[in-house]
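Data block below; observations after.
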Amino acid sequence: PEVEAGEPFVVATSGGGQRQVLFPEGGQAGDSWKFELDKSTGEVVSQVQVELSEPEKQRREAEREDIDREGERFQEELRQLDIEEKMHKPKARMSAFFWFCDAHRPEVAEQLPGRVTEQSKMLSKMWRELPREEQQRYYDDSERDNARHKAESAAWKRRYDNERENLASEHQANIEQLR
Numbered sequence: 604p605e606v607e608a609g610e611p612f613v614v615a616t617s618g619g620g621q622r623q624v625l626f627p628e629g630g631q632a633g634d635s636w637k638f639e640l641d642k643s644t645g646e647v648v649s650q651v652q653v654e655l656s657e658p659e660k661q662r663r664e665a666e667r668e669d670i671d672r673e674g675e676r677f678q679e680e681l682r683q684l685d686i687e688e689k690m691h692k693p694k695a696r697m698s699a700f701f702w703f704c705d706a707h708r709p710e711v712a713e714q715l716p717g718r719v720t721e722q723s724k725m726l727s728k729m730w731r732e733l734p735r736e737e738q739q740r741y742y743d744d745s746e747r748d749n750a751r752h753k754a755e756s757a758a759w760k761r762r763y764d765n766e767r768e769n770l771a772s773e774h775q776a777n778i779e780q781l782r
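If you use the numbering used here, the sequence shown corresponds to residues 604 to 782, in order.
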């Protein structure tokens, strides 16, 4: 991640410890800096960018490019996973009314061919006039469908959460290997 000038970050000290200092103006993540600290206060007295040798500059640039490529590959795999996830999303649950419509639409379509709006109005009227005892069958279908939907959705979510987690772990391992 990029660090902005003035943001705190941790540096290694010559004594083997670590200290938090502010990121220098004009610096880039990965640059080498030498800090002189006041021993009594621990404040930064001076900071100087260390000039890197040409092979080291090339090595660091190649490392940054490799890390950028890995980041692009990771983002593309996440996009592909999102597409696959959407394609395999469980079928939505149906309400009791939709179960009723599913059962009666063919006979209503025969009576009113090609007139979808009128078919929907007729189905709605039929549903309202249907006694609650007869509607119960469709409510039962809806409850079973709701249970199916919950189970499939939970499995679907677990699967893609695990895949995302595995992809992120693999990406992190690849980044560590590149460093």
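Ideal Cβ positions, reconstructed from N, Cα and C, are used throughout, including at glycine.
Nothing here was measured: the structure is a model prediction, and the numbers come from that model.
Which of helix, strand or coil DSSP assigns to residue i
i	result
S698	coil
E646	coil
E779	helix
P604	Below a pLDDT of 50, predicted positions are generally treated as unreliable, and P604, at 43, falls in that range; the measurement from the model is reported next regardless. Looking at P604 - three-state DSSP - the assignment turns out to be coil, as it is neither helix nor strand.
Delimiting residues of the alpha helix (DSSP H) encompassing residue i
i	result
R685	It is Asp, not Arg, that sits at residue 685 in the sequence shown. Here the alpha helix (DSSP H) through D685 covers E657 to M690.
Span separating the alpha-carbon of residue i from that of residue j
i	j	result
Q722	C704	10 Å
M697	I686	24 Å
E664	A695	49 Å
S756	N765	14 Å
P604	L681	The pLDDT assigned to P604 is 43, lower than 50, so where the model puts this residue is not dependable, and the model offers no usable value.
E710	E675	54 Å
R708	E737	17 Å
S727	H752	25 Å
S643	E673	44 Å
L733	E768	50 Å
E646	Q623	10 Å
E746	K760	21 Å
W702	H691	23 Å
E679	P693	24 Å
E713	H774	57 Å
A754	A706	24 Å
S772	F677	11 Å
Sequence-distant residues of its chain with Cβ nearer than 6 Å to residue i (five each side left out)
i	result
E688	Y763
Chain-order list of residues whose beta-carbon lies under 8 Å from that of residue i (same chain, five-residue window excluded)
i	result
A750	none
L715	E721, Q722 and M725
Neighbourhood of residue i by C-beta, 7 Å cutoff - its chain only, sequence neighbours within 5 removed
i	result
Y742	A699
Worksheet item: Residue ranges of each beta strand (DSSP E) run of no fewer than 3 residues wholly in the segment 689-772, ordered along the chain?
Response: none
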